[in-house]
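*Asks:* Just so you know, the protein sequences line up as chains A and Z, in that order.
Positions 983 to 1365 (this note's numbering) are the ones given, in order, by the first sequence.
Positions 496 to 549 (this note's numbering) are the ones given, in order, by the second sequence.
A virtual CB, placed ideally from N, CA and C, is assigned to each residue, including glycine.
Below is a structure I'd like to ask you about.
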Amino acid sequence: MPRTVVIVGTGLAGYAVARELRKLDDDVSITMLTNDHGGFYSKPMLSNALSTGKTPQSILNSDASQMSSQLKIAIRPHCPVAAIDVQRSRLVLQSGEEITFDQLVLALGADQVRLPLVGDGVAKIVTVNDLDDYAKFRESIANKKRIAIIGAGLIGCEFANDLVAADYQVDVIDIGTQPLGRLLPPDAGAFLQRKLETAGVNFHLNTSVETVDNRDARFYLKLTNGHSIESDLVLSSVGLRSRTGLASAAGIAVNRGIVVNRFMQTNSENIFALGDCAEVEGKVLPFVMPITHAARALAATLAGHATPVLYPAMPVLVKTPACPTVVSPPDFNVTGEWHTDNDGDGVKALYRDGSGNLLGFALLGAATKEKMALTAQLPPILS
Amino acid sequence: MKKFQCKICGFIYDESTGDPEHGIQAGTRWDDIPENWTCPECGVSKADFDMTEI
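Dropping the structure here:
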């Protein structure tokens, strides 16, 4: 009998491992389990689909049966996992069925964080975390005009830009003093804010949402600064939380994410994790490039050649066409200072330590053309 | 001149503009890009791109 690798999750991370593993090993049996339809699509495309003329249907690259024949794998759509039996190397499905694995890969993704808000409209606040959510979102914004977005992070800014480009009126509310507060220094945040405002986005910063009420298909948001906003739909994008429940219930170590070593291996020898659900040496990096690197290393390990993951510097592109932005935030445990240069056409913010070493950057507008040259100067994230 | 889109992250390679930052000159046809070239946004290989009409 060939070895059986079971992958839970058919997002970018799950499929990246399946694809890389199949390249290395023709014979290994690969089974993928998922809660949804199991089709393959690019999640980053969801936040600029309006301006690139894409529909939920056209974003779906291949459905589960196409992926199954392409990669010679078994895919089980709509097949939620209830528990991991670590001792017996088995998954228990919600249906009661049990599936035995030699190696298990958790590619579970992350959930959108929900703020504890008050009001009779709260249950109707929308989040977009996958293609099914996005299809519902597109249905609900048809023939609507005003969208309120809670959270001015990466997803909030990208959706805001995409919606104003499609002639929606967009209000963005954030408790911080600037958009992308966790990624950009203040001058860069202010530059992005002005560009998005020029494109039509209304920012409500330094405030938070107190209540969301719903009357006659309209939403009424009351902010803590006393202002009110009316909208046709409320989208929440205040952050992601790794899905760790399944692992922790099985006794697998979790922290902010499922804790894995350089081999993407949990504290259970034949169970691995990657993508938005995983924490690699203290880092949860919910972006595509880390998945590509992790999937290649993990596939090699699963194929029998134990390979630690190496992360080079991995700048993140923010898809805000009104203000092209690329950012490589400094690691949380380094000390340095931002040096910001704003020449009107763009902002170049460099984060350097006391000896002048470049540890991070944020490039906006015209300054984005320096991305490659500066990336080459950055230290690797995991060497 | 054609355009190709990364299936994984959505990056678009436009033959007319190339990828000069990675040594691919403007006007370079897709077939002439080396097989070891990777997506500048997400790092996947050339094989994970689709031709796309945009």
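1. If you check the beta carbons only, do TYR1333/A and PRO1167/A fall under 9 Å apart?
2. Does LYS541/Z have its Cβ less than 9 Å from a Cβ in chain A?
3. Evaluate ARG1096/A with the Cβ neighbour count: other Cβ atoms within 10 Å of its Cβ, from every protein chain shown; 16 or more gives buried, anything less gives exposed.
4. Between the C-alpha atoms of ARG985/A and SER1071/A, what's the straight-line distance to the nearest angstrom?
5. Output yes or no for whether 9 Å exceeds the beta carbon distance between ILE1081/A and ALA1000/A.
6. Taking the alpha-carbon positions, what's the THR1159/A to LEU1178/A distance?
7. Please list, in chain order, all residues of the same chain as ALA1142/A whose beta carbon is under 7 Å from its beta carbon, the five residues on each side excluded.
8. Taking only runs that begin and end inside the region 1080 to 1137 of chain A, name each unbroken beta strand (DSSP E) of 3 or more residues, in chain order.
9. Any beta-carbon of chain Z closer than 9 Å to the one on MET1354/A?
10. Is TYR1202/A helix, strand or coil when you go by DSSP?
11. From the beta carbon of ASN1030/A, is the nearest beta carbon of chain Z less than 9 Å away?
12. Going straight from the alpha carbon of PRO1098/A to that of ILE1107/A, what length do you get?
13. Along the region 1004 to 1033 of chain A, where does the CB come closer than 7 Å to a CB of chain Z? Name the residues.
14. Could you tell me the boundaries of the beta strand (DSSP E) in which ARG1223/A lies?
15. Taking its Cβ as the centre, do 16 or more other Cβ atoms sit within 10 Å of SER1040/A, making it buried, or is it exposed?
16. Output needed in chain order: residues of the region 1273 to 1288 of chain A with a Cβ under 7 Å from some Cβ in chain Z.
17. Between which residues of its own chain and SER1077/A is the CB-CB distance below 8 Å, once the five residues before and five after are set aside?
18. How long is the line joining the alpha carbons of ALA1358/A and ALA1117/A, rounded to whole angstroms?
19. Based on Cα-Cα distance, which residue from ASP545/Z, PHE544/Z, CYS537/Z, LYS541/Z lies nearest to ALA1277/A?
20. Hey, ILE1066/A and LEU1228/A are a contact pair by Cβ (cut 8 Å); roughly how many whole angstroms apart?
21. On the three-state DSSP scale, how would you describe SER1011/A?
22. Residues bridged to GLY1347/A by DSSP?
23. Hey, could you find the ends of the beta strand (DSSP E) TYR508/Z is sitting in?
24. Output the boundary residues of the beta strand (DSSP E) element that contains GLN1151/A.
25. Tell me whether LEU1340/A sits in a helix, a strand or coil according to DSSP, three-state version.
26. For a cutoff of 9 Å on Cβ pairs, would you count VAL1266/A as touching chain D?
27. Since ALA995/A and ALA1089/A are thought to touch, with beta carbons under 8 Å apart, how far apart are those beta carbons, to the nearest angstrom?
28. Using the Cα positions of ASP1325/A and PRO1306/A, report the straight-line distance between them to the nearest angstrom.
29. Bridge partners for LYS1265/A per DSSP, in chain order?
30. Let me check understanding here. Comparing Cα to Cα, which of THR1289/A, PRO1038/A, ALA998/A, ASP1144/A lies closest to ASP1115/A?
31. By the three-class DSSP mapping on this structure, what secondary structure does PHE1245/A have?
32. Would you check if the region 499 to 507 of chain Z and the region 531 to 546 of chain Z touch, i.e. whether three or more CB-CB distances between them fall below 8 Å?
33. Going by DSSP, what residue range makes up the alpha helix (DSSP H) through VAL1183/A?
34. Considering only C-alpha positions, which residue in the set LEU1222/A, PHE1314/A, THR1289/A is nearest to LYS1265/A?
35. Quick check: is the beta carbon of ALA1255/A nearer than 9 Å to any beta carbon in chain Z?
36. Is the beta carbon of ARG1244/A less than 9 Å from the beta carbon of VAL1316/A?
*Replies:* On the basis of the supplied data:
1. yes
2. no
3. exposed
4. 13 Å
5. Against a cut-off of 9 Å, the Cβ pair of ALA1000/A and ILE1081/A comes out as no contact.
6. If you draw a straight line from the Cα of THR1159/A to the Cα of LEU1178/A, it is about 15 Å long.
7. ILE1131, VAL1152, VAL1154, LEU1178, VAL1183
8. 1080 to 1082, 1085 to 1088, 1092 to 1094, 1128 to 1132
9. yes
10. strand
11. yes
12. Answer to the nearest angstrom: the Cα atoms are 12 Å apart.
13. So the close ones are SER1024, PRO1026, MET1027.
14. 1222 to 1224
15. exposed
16. Those residues of the region 1273 to 1288 of chain A that come within reach of chain Z (Cβ to Cβ, closer than 7 Å) are THR1274, HIS1275.
17. CYS1061
18. Going from the Cα of ALA1358/A to the Cα of ALA1117/A covers about 39 Å.
19. CYS537/Z
20. 6 Å
21. strand
22. GLY1328/A
23. 507 to 509
24. Boundaries of the beta strand (DSSP E) harbouring GLN1151/A: 1151 to 1155, taken from the DSSP string.
25. Note: LEU1340/A maps to strand in three-state DSSP.
26. Any reference to chain D falls outside this structure, whose protein chains are A and Z.
27. 4 Å
28. 15 Å
29. VAL1262/A, per the DSSP bridge assignment.
30. PRO1038/A
31. coil
32. yes
33. Looking at the DSSP string, VAL1183/A is not in any alpha helix (DSSP H); the run it does join, the beta strand (DSSP E), is 1183 to 1186.
34. Of LEU1222/A, PHE1314/A, THR1289/A, the residue nearest in Cα terms is PHE1314/A.
35. Put simply, the CB of ALA1255/A is far from chain Z, with every gap to its CB atoms at 9 Å or more.
36. no
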